[in-house]
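With this note's numbering, letter number 11 in the sequence shown gets 32, and the count goes up by one each step, no holes. Single-structure report; data block below.
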Amino acid sequence: MAASHKNITTDEVRTAVENAYNKLRTTTGGKNADYIPYLASIDPNLFGICVCLLDGTIVSVGDADHIFGIESVSKVPTAILAMREYGALDILEKVGADATGLPFNSIMALLLEKDRPSSPLVNAGAIAACSLVEPVGNADEKWKAIVNNIAELTGREPQVIEELYKSESATDFNNRSIAWLLKDYGRIYDDPDLSLDLYTRQCSLGITAHDLAIMGATIANDGYNPVTNKQVFDADLAPKVTSMITTVGFYERTGDWLYKSGLPAKSGVGGGVLGVMPGMFGIAAFSPPLDDAGNSVKAQLALREIMAELGLNIFAASRLCVCGCQGASAR
Ligand code: GLN
């Protein structure tokens, strides 16, 4: 099994999570996504946080077990699935691993790149990743593979929120353009409509902050799910996935987010955010109102509070050392 959290205690995490929750519970700001009509109808006051430590300990508060639309967070597990099937290098060649600096559904990003869709964590790359899922040409089997992969990463098989799927399918005109532009560039590897439908369906899966924290912990733990005690994917893929989350997880706001939080994290317009602290924990927060880039306002605040209270930052040496010396702070 991979490294466990050496210098962070469950009590510290519990206190930080509870403090963040209590501080932010009544905070308002942002607005539910409404370009997918179903999402506009979700209670904006829902709020939950969950952390999964690498020994499988779960710390959760609020609506951590509420089921909501996974949306763009689904891009992470399907990137992992494509990497499991094709290998990290092939995914780099076929899809890419670059930041776009542009909104998640940008057609401009693809036009500028004129080649690979940049990253499986933006819409163009996620549709390409769905096209790659084996067995190519068989929508039912591809779908099973997508759902099974999420079930392995979280320990729970997610179900489609049918109303969300209908709502999203009826309004996905921009994504249809992306799918067919990928076809024009030779960068979609299955039928464009089939690939787009899989992408839309995976975005409509119901997930919880609890599920996402376990998924984050599995990535933070070199592919080993600490709750189900199963090696889900090859350890070598974990840093590749985390690098993608780091570079583009908040789209055009990714740099600002990293600068403020020090946490690789991926957002979805359903209000969920999945964070990965390698070697330490997976963390997730859920609150539907979003900023203008489509990232949950309160989930961002919660994760920032927790990271700051724990004194953690992926770019800072203090507390990251696992030899027991407590890093620079001990000198
Ligand atoms: N399904 C949504 C879309 O394609 C996902 C976007 C997101 O969560 N950022 O527009």
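We put the beta carbon where it would ideally sit given N, CA and C, even for glycine.
Spatial distance of residue i from residue j (CA atoms)
i	j	result
I209	K187	24 Å
I112	A150	8 Å
L67	A172	24 Å
R105	T239	14 Å
F89	A320	14 Å
L279	V94	17 Å
P285	V80	19 Å
K353	N242	What the structure shows of the chain is the stretch from 22 to 352, and residue 353 is not part of that stretch, so it cannot be assessed.
T175	F194	31 Å
K163	A314	30 Å
M301	L75	6 Å
Any non-hydrogen atom of ligand 1 closer than 6 Å to residue i Cβ
i	result
S264	no
C224	yes
G289	yes
F307	no
S93	yes
F194	no
N144	yes
N53	no
N126	yes
G296	no
A292	It is worth fixing the name first, because residue 292 is Gly in this sequence and not Ala. No, ligand 1 has no heavy atom inside 6 Å of this Cβ.
G315	yes
Beta carbon of residue i nearer than 7 Å to that of residue j
i	j	result
L132	P138	no
A305	A230	yes
I148	A200	yes
A41	E273	no
T121	V154	no
E92	V248	no
T263	P299	yes
N316	S288	yes
L295	G227	no
S140	V297	no
S225	E189	yes
7 Å Cβ shell around residue i - same chain, five flanking residues per side excluded
i	result
P65	N53, P309 and P310
K44	E326
V354	This structure gives no information on residue 354, because the portion of the chain shown stretches from 22 to 352.
I167	T99, L102, V154, L219 and Q223
Cross-strand partners of residue i (DSSP beta bridge)
i	result
C151	Paired residue(s): none; C151 is not in a bridge.
K96	In DSSP, K96 forms no bridge with anything.
F89	I228
N357	For residue 357 there is no data in the structure shown, the boundaries of the chain being 22 and 352.
A286	G296
S317	L311
L74	F302
Residues of its chain near residue i, where Cβ-Cβ distance is below 6 Å and the 5 sequence neighbours each way are ignored
i	result
V318	G50, G51, P310 and D312
F254	I101, R105 and G244
G77	P247 and V248
8 Å CB neighbourhood of residue i in its chain, flanking five on each side removed
i	result
Q347	Only weak support is given to the placement of Q347: the predicted model assigns it a pLDDT of 49, under 50, and the question is left unresolved by the model.
A331	The amino acid at residue 331 is misidentified as Ala; the sequence shows Leu. So the qualifying residues of the chain are I29, E33, V34, A37 and R340.
A109	D257, L258 and K261
Cutoff 7 Å: residue i Cβ touching any chain B Cβ
i	result
I182	Given the protein chain composition of this structure (a single chain), no chain B is represented.
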